[in-house]
Amino acid sequence: MALKSWIEWVRERAKQALDKPSPYGVDVNIRDYPIGLESIEELDLSRTSIVGIDIEKASREALYLQVDHAIFKYLSRIPGLEISRIEEFIDSNPDIARDYVWRLIDPGTDKYTAVAALRGSGGYFIRVKRKSKIDIPVQACLLLRSSSLQAPHNIVIVEEGAEVTVYTGCLIMPESAGLHIGITEFYVERGGKLRFIMVHAWNNVTHIRPRTAALIDEGGEYVSYYMNLSHVKTLQTYPRVKLMDNAKAYMASIILGLGEANIDIGSLIELNGYSSGEIISRVLARDTSTIYTRALIRGSTGKGHIECSGLMLDERSKIVMLPQLEAKGINAQLTHEASIGKLSEDEINYLVSKGFTREEAEGILIRGFMNVDLTILPEKVRKYVAQILDLMSKKAL
Amino acid sequence: MGILEVNGVSISVDGRRVVSSVYLSVGFGDILYILGPNGSGKTSLLRGIIGFPGYDVVSGSIVFDGEDVTSKPIEYRVSRGLAIAHQFTPKLSNIDTLSLLEYVCRRFKCDNLSESIDLLNIRYLLNRSFGKGFSGGELKRVELATILLQRPKLALIDEPDSGVDIDSIMLVAEGIRRLLELSPYKSIIIVTHSGLIAKFIEPTRVCIMVEGTIRYCGSGSLLGEVLKYGFKVLDRVG
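Residue numbers (the working numbering), protein chains in the order written: chain X, 1 to 397; chain L, 1001 to 1238.
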């Protein structure tokens, strides 16, 4: 099917799903949000540092910046690494694009994929050439400035034997009320490695609906860290990863629920051959927030493990954990562990006896609770993620 | 007046009296051992002195370094130079040993982190989750490291020799000697029910605690009699 026909099919499929709610999360009226196309002359990008993005540094290396649906800046000064806006990729490579655009995510999945297919704009296209090992993290920043819809479509292709780390920070200006739907499709070819870090900082009137899927070919590796570090009105996402033979995935989510946030986070790993996957969730609920954590690993072979931990920080908050294992053959080895609790008084008192105030002691324990394995990440990125977790633990207090 | 004066202190835990009318005084150069059978209130006394949450001083007063700290919170007492090494420490979920030591070090602006780690031979434990799967000796050594970083004026050491192998006891004794060097008053309180640590750290004074109260205090030589006759020694000296 030629690209044009494929795009027409995508649009038709999307139109049929415009009123179809997601099976999970709070239903949002997508028609309330205009497209943010205003040209902004003066733009303060200093806030992007909240999510760990360093625009100045990235401008010298590798960057994708998008503000609403209006401003785009992208560049790569790194050999073997290509970065462009998705429309540019599609226009200049129609024969290749048809094999990657909307191939992992069905535009008719729900009203959010539908509106992204019909009204979305921008998003990054990142391609790492065969066997290129990129040790500098690619920084991508999606900023929602006006009260509007932002629906970028991102595609990352890691070619055979290549490696890259993509660090994405998404945030909103404090005065805006928006709907962010990021469509992201990852393709990791044979023996490739993709490390994907996504940090979100929204506000208490914003709705977030990322839709993510990854296909990891034989011997490939996919590592993802997702951190939500501030207020959000509602957030629902359920990334899906398909692992081929000998591929590996590690998916960690560290989620902080504040205020009245309603958060529904899932992760799915589909095992094939001798692949292995791990899903790690750390969720912290404060105030009257509600957090649903879903995790599913399924396969007929391979190894999978789910570890979900919840920390209740308020009498009024709520955490629901739904780890799920699905063996479709006798050679699948699947395990899970899940726990929800509060900070231990014994541990707080112990730290207080070492001279910390109660608040400091709680901060130390919360920071500890958020610890996930960061050793998989390159040194440069590990530092960013550790700083984000430090910031999250302070916000949790 | 001594560095620490415990004047007729009674302590309750969950409304139950666990320490009754204890009088103690610690002066310059005192290495005070508090001995007593299990359950005699030794740990409760130390926790009451430092103001550990849940250990309520219901009567009497605690004067430390010339200041009545009876109604002061634990963090204040620690900031004034008291420190406690616990007999049992909780496992701190997901916090590695190095992170804990660094937190304490930053809190007290310490400059002896590396020295303390080496002194107590705990470098190999630094990347392990604090307390998880540690042997008795490893727990004591890491715990002692946390208070070395505090450089306290007066350390309260709870059962440094229980459940500890001989190699660890020797290292723990090294740590206690270092604490004595760091203390401006060269004083320390050690609680023990076995007295094993005394082979390495000689007491200057010994008090025997039974059923929640100090029954008798004497010179360092009392320890030898306790080790010889057990706590029945009270029948001889009393």
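Beta carbons: idealized from backbone N, C-alpha and C, even for Gly.
Given that residue i touches chain X, what residues does it touch there, using C-beta distances under 7 Å?
i	result
residue 1160 of chain L	Going along chain X, no residue has its Cβ under 7 Å from residue 1160 of chain L, so there is no contact; the nearest lies around 16 Å.
residue 1151 of chain L	Ordered by position in chain X, no residue passes the 7 Å Cβ test against residue 1151 of chain L, which lies about 11 Å from the chain.
Measuring only between beta-carbons, confirm whether residue i sits less than 8 Å from chain L.
i	result
residue 352 of chain X	yes
residue 206 of chain X	no
residue 307 of chain X	no
residue 376 of chain X	no
residue 254 of chain X	no
residue 371 of chain X	yes
residue 355 of chain X	yes
residue 329 of chain X	no
residue 161 of chain X	no
residue 368 of chain X	yes
Measure the Cβ-Cβ separation of residue i and residue j and say whether it is below 8 Å.
i	j	result
residue 1168 of chain L	residue 1199 of chain L	no
residue 83 of chain X	residue 75 of chain X	yes
residue 186 of chain X	residue 214 of chain X	yes
residue 178 of chain X	residue 170 of chain X	no
residue 1076 of chain L	residue 1214 of chain L	no
residue 98 of chain X	residue 77 of chain X	no
residue 125 of chain X	residue 166 of chain X	no
residue 1084 of chain L	residue 353 of chain X	yes
residue 284 of chain X	residue 366 of chain X	yes
residue 246 of chain X	residue 222 of chain X	no
residue 340 of chain X	residue 370 of chain X	no
residue 288 of chain X	residue 316 of chain X	yes
residue 69 of chain X	residue 90 of chain X	no
residue 1192 of chain L	residue 1138 of chain L	no
residue 81 of chain X	residue 132 of chain X	yes
residue 116 of chain X	residue 17 of chain X	no
residue 252 of chain X	residue 280 of chain X	yes
residue 1144 of chain L	residue 1164 of chain L	no
residue 13 of chain X	residue 108 of chain X	yes
residue 1060 of chain L	residue 1099 of chain L	no
Taking Cβ positions only, does residue i come closer than 8 Å to chain X?
i	result
residue 1128 of chain L	no
residue 1102 of chain L	no
residue 1080 of chain L	no
residue 1112 of chain L	no
residue 1095 of chain L	yes
residue 1188 of chain L	no
residue 1075 of chain L	yes
residue 1043 of chain L	no
residue 1084 of chain L	yes
residue 1053 of chain L	yes
residue 1146 of chain L	yes
residue 1050 of chain L	yes
At a CB-CB cut-off below 7 Å, which residues of chain L make contact with residue i?
i	result
residue 310 of chain X	Ordered by position in chain L, no residue passes the 7 Å Cβ test against residue 310 of chain X, which lies about 13 Å from the chain.
residue 277 of chain X	What residue 277 of chain X touches in chain L: nothing, since even the nearest Cβ is about 22 Å away.
List the residues of chain X that residue i touches, going by C-beta distances under 8 Å, in chain order.
i	result
residue 1090 of chain L	344, 346, 347 and 350
residue 1178 of chain L	Ordered by position in chain X, no residue passes the 8 Å Cβ test against residue 1178 of chain L, which lies about 18 Å from the chain.
Name, please, each residue of chain L whose Cβ falls closer than 9 Å to the Cβ of residue i.
i	result
residue 293 of chain X	Going along chain L, no residue has its Cβ under 9 Å from residue 293 of chain X, so there is no contact; the nearest lies around 17 Å.
residue 364 of chain X	1092, 1095, 1099, 1100 and 1103
Closer than 7 Å to a non-hydrogen atom of the ligand FMN - does that hold for the CB of residue i?
i	result
residue 1207 of chain L	With respect to the ligand FMN, the structure shown offers nothing to examine, as it has no ligands at all.
Below 8 Å on the Cβ atoms is my guess for residue i versus residue j; work out the distance and round it to an integer in Å.
i	j	result
residue 212 of chain X	residue 184 of chain X	4 Å
residue 1125 of chain L	residue 1142 of chain L	6 Å
residue 1256 of chain L	residue 1012 of chain L	Coverage of chain L is limited to positions 1001 through 1238, which leaves residue 1256 of chain L absent and any answer about it impossible.
residue 1090 of chain L	residue 347 of chain X	5 Å
residue 145 of chain X	residue 67 of chain X	5 Å
residue 204 of chain X	residue 172 of chain X	No, residue 204 of chain X and residue 172 of chain X are not in contact; Cβ-Cβ is about 10 Å, not under 8 Å.
residue 1207 of chain L	residue 1034 of chain L	5 Å
residue 1048 of chain L	residue 1019 of chain L	6 Å
residue 1064 of chain L	residue 1082 of chain L	6 Å
Can you list the residues of chain X that residue i reaches, using a CB-CB cut of under 9 Å?
i	result
residue 1106 of chain L	Going along chain X, no residue has its Cβ under 9 Å from residue 1106 of chain L, so there is no contact; the nearest lies around 10 Å.
Touching by the beta-carbon criterion (3+ pairs, under 8 Å), the region 134 to 142 of chain X and the region 43 to 55 of chain X: yes
State whether the region 1215 to 1234 of chain L contacts the region 1042 to 1055 of chain L, with contact taken as three or more CB pairs (one from each stretch) at a distance under 8 Å. no
Three-pair Cβ contact test at 8 Å for the region 360 to 377 of chain X versus the region 1111 to 1125 of chain L: no
Okay, do the region 144 to 157 of chain X and the region 100 to 107 of chain X touch, 3+ Cβ pairs below 8 Å being the bar? yes
Please confirm if the region 231 to 238 of chain X is in contact with the region 204 to 211 of chain X, defined as three or more CB-CB distances below 8 Å between the two stretches. yes
Answer yes if the region 1178 to 1187 of chain L comes into contact with the region 1148 to 1157 of chain L, meaning at least three C-beta pairs across the two stretches below 8 Å, and no otherwise. yes
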